[in-house]
Amino acid sequence: MWNLIKYSFLTKVRNRNVIFWPLIFPFILATAMYFSIGQMEESDFETVRAAVVNENAGDIEVYAGADILAWMEEAEGISDLIDVKEMTEEAALTKLEEGEIDGIFYNGEIPSLAVSGNGFPESILQTVLNSYIGGRQTLEDTTAVHPEKTEEVLAAMGNHTNAVEQVSLGGRTTNESAQYFYALLGMACLYGCFIGFISAMELQANLTPLAARRCAGPVHRLKMILSEMSVSFVIHVTNMLLLLVYMKYILKLEFAGTLAQMLPVILLGSMIGVVMGMFITSIGTLGEGIKSGIMVGVSMIMSFFAGLMNADIKNIVDRHVPLLNRINPAALISDAMYCINVYDAPERYARDMLILAVMCVLFVTGTYIIIRRERYGSL
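If you want our numbering, it's the position in the sequence shown, counting the first as 1, plus 19.
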């Protein structure tokens, strides 16, 4: 048995597919996703540029805060977002035409905004103007009815901090990009199918010369299956642990759970990938290229429904076809990672792990039944 394990290990680590797809490719994809979407919430948006033109509107400063320029300079958060300068109308129009500013605020009795486009900066400027006009109207009403509360309203107008923080029901802050990385772990686990694919190819005499020599020997089929499965499992678990450490400690992604908490998910996820690959490869007599293509297609479709390409897909499937995600290993792995790092849902976590374990048993049983019953007229 130990000799079977030894030579199975040496055969696999010399195969480039075992090294690249289950190990190197997830590292590359995780790094690319980190730099493209992983830091979206920390990105610095380009400052919006604007000018303020003071119109001859008479005595409009009946109270402090009527000047839109002073209001934007004092309002918390707005001064960091908008670079605003006071100009003459002629100079402001020239800069607007040349694209040096994104809009012009006209500071008059009725404040207005002039823009030359219809994009993100212009939308920000319009939102700021609406906020100023609304606050100004509120202040006018308060001054007329309850002048003693004018200072309170002025303080409220200058406070533009975000009062809403997105948290899970368990009290942990959520990051919208985290779903992609949990789905990536699900995909990486399923990529263990390439290791299982190689194991199954070495067990069927009609597929490779090595398998033909092995099947001609006296070793029991169950021993061969268990040795191949054990080596494939150990290799893929090592791959997944390296990937998890890289994502948690090098990329510093939002993994609130400890390695010990996430280890059971990695173990079952790695096993499901390996045995799924062995099961698919054991079915039929299709060529190596076709079976490899089938595994790529199956793993990527499962990863898609788990939210790897679009985080909303998994939620849509959960609402409309919940059974699909109950039998999708990638979705189950992603969901279990969510339960550890975000949710406070031990029942849901236990259900995901139980389904993964049952699927592992079914794949192993199916692989054994298929390979055990094969007989060859000649080798």
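Note that beta-carbon positions come from the ideal geometry of N, C-alpha and C, so glycine has one too.
Terminal residues of the beta strand (DSSP E) in which residue i lies
{"i": "residue 105", "result": "101 to 105"}
Backbone CA spacing between residue i and residue j [nearest angstrom]
{"i": "residue 74", "j": "residue 89", "result": "15 Å"}
{"i": "residue 151", "j": "residue 72", "result": "16 Å"}
{"i": "residue 350", "j": "residue 324", "result": "7 Å"}
{"i": "residue 285", "j": "residue 345", "result": "18 Å"}
{"i": "residue 333", "j": "residue 198", "result": "9 Å"}
{"i": "residue 156", "j": "residue 118", "result": "32 Å"}
{"i": "residue 134", "j": "residue 276", "result": "48 Å"}
{"i": "residue 12", "j": "residue 43", "result": "What is shown of the chain runs 20 to 398, which leaves residue 12 out entirely."}
{"i": "residue 303", "j": "residue 343", "result": "25 Å"}
{"i": "residue 367", "j": "residue 52", "result": "27 Å"}
{"i": "residue 331", "j": "residue 357", "result": "15 Å"}
{"i": "residue 307", "j": "residue 223", "result": "12 Å"}
{"i": "residue 111", "j": "residue 125", "result": "10 Å"}
{"i": "residue 141", "j": "residue 282", "result": "48 Å"}
{"i": "residue 391", "j": "residue 318", "result": "26 Å"}
{"i": "residue 383", "j": "residue 244", "result": "9 Å"}
{"i": "residue 361", "j": "residue 278", "result": "15 Å"}
{"i": "residue 66", "j": "residue 336", "result": "39 Å"}
{"i": "residue 131", "j": "residue 86", "result": "13 Å"}
{"i": "residue 370", "j": "residue 34", "result": "36 Å"}
{"i": "residue 249", "j": "residue 215", "result": "10 Å"}
{"i": "residue 179", "j": "residue 272", "result": "Any reading at residue 179 needs caution, since the residue's pLDDT is 47, under 50, leaving its predicted position unreliable; the model's value is listed next. Using only the alpha carbons, I get a separation of about 29 Å."}
{"i": "residue 260", "j": "residue 32", "result": "17 Å"}
{"i": "residue 196", "j": "residue 268", "result": "17 Å"}
{"i": "residue 39", "j": "residue 338", "result": "36 Å"}
{"i": "residue 138", "j": "residue 123", "result": "15 Å"}
Beta-carbon proximity list for residue i, same chain, < 7 Å, skipping 5 on both sides
{"i": "residue 287", "result": "372, 375, 376 and 379"}
{"i": "residue 313", "result": "299"}
{"i": "residue 114", "result": "70 and 120"}
{"i": "residue 108", "result": "72"}
{"i": "residue 159", "result": "none"}
Beta bridge counterpart(s) of residue i as assigned by DSSP
{"i": "residue 132", "result": "124"}
{"i": "residue 68", "result": "102"}
{"i": "residue 36", "result": "DSSP output for residue 36 lists no bridge partner at all."}
{"i": "residue 73", "result": "126"}
Own chain partners of residue i with C-beta closer than 8 Å, once the 5 adjacent residues on each side are dropped
{"i": "residue 348", "result": "205, 208, 209, 288, 291, 292, 295, 321, 375 and 378"}
{"i": "residue 265", "result": "46 and 49"}
{"i": "residue 353", "result": "198, 201, 202, 204, 205, 325, 326 and 333"}
{"i": "residue 381", "result": "none"}
{"i": "residue 270", "result": "49, 50, 53 and 57"}
{"i": "residue 280", "result": "359"}
{"i": "residue 315", "result": "none"}
{"i": "residue 101", "result": "66, 67, 68, 69, 91, 143, 144 and 147"}
Nonlocal neighbours in the same chain, by C-beta distance under 6 Å from residue i, ignoring five residues either side
{"i": "residue 389", "result": "301"}
{"i": "residue 310", "result": "300"}
{"i": "residue 386", "result": "297, 298 and 301"}
{"i": "residue 106", "result": "70"}
{"i": "residue 36", "result": "213"}
{"i": "residue 396", "result": "Residue placement at residue 396 is flagged as unreliable, the pLDDT there being 48, under the threshold of 50; a coordinate-derived value is accordingly withheld."}
{"i": "residue 218", "result": "247, 251 and 297"}
{"i": "residue 262", "result": "45 and 207"}
{"i": "residue 211", "result": "41, 255, 289, 292 and 293"}
{"i": "residue 25", "result": "none"}
{"i": "residue 274", "result": "267 and 360"}
Span of the alpha helix (DSSP H) around residue i
{"i": "residue 28", "result": "21 to 32"}
{"i": "residue 53", "result": "Where residue 53 is concerned, there is no enclosing alpha helix (DSSP H), given that its DSSP letter is neither H nor E."}
{"i": "residue 87", "result": "87 to 93"}
{"i": "residue 199", "result": "197 to 209"}
{"i": "residue 305", "result": "No alpha helix (DSSP H) holds residue 305; DSSP gives it neither H nor E."}
{"i": "residue 17", "result": "The chain is shown from 20 up to 398; residue 17 falls before or after that span and cannot be answered."}
Closer than 7 Å: residue i CB and nearest the ligand SAM heavy atom
{"i": "residue 201", "result": "Ligands in the displayed structure: none, and consequently the ligand SAM is not present."}
Any chain B beta carbon closer than 8 Å to residue i
{"i": "residue 357", "result": "Protein chains in the displayed structure number just one, and chain B is not present."}
(message) Which runs of the beta strand (DSSP E) at least 3 residues long sit entirely within the segment 212 to 296? Give them in chain order.
(response) Inside the segment 212 to 296, DSSP marks no whole beta strand (DSSP E) run of 3 or more residues.
(message) Extract the residue ranges of the beta strand (DSSP E) inside the segment 317 to 382, only unbroken runs of 3 or more that lie entirely within it.
(response) Assignment of beta strand (DSSP E) within the segment 317 to 382, counting only whole runs of 3 or more residues, yields no such run.
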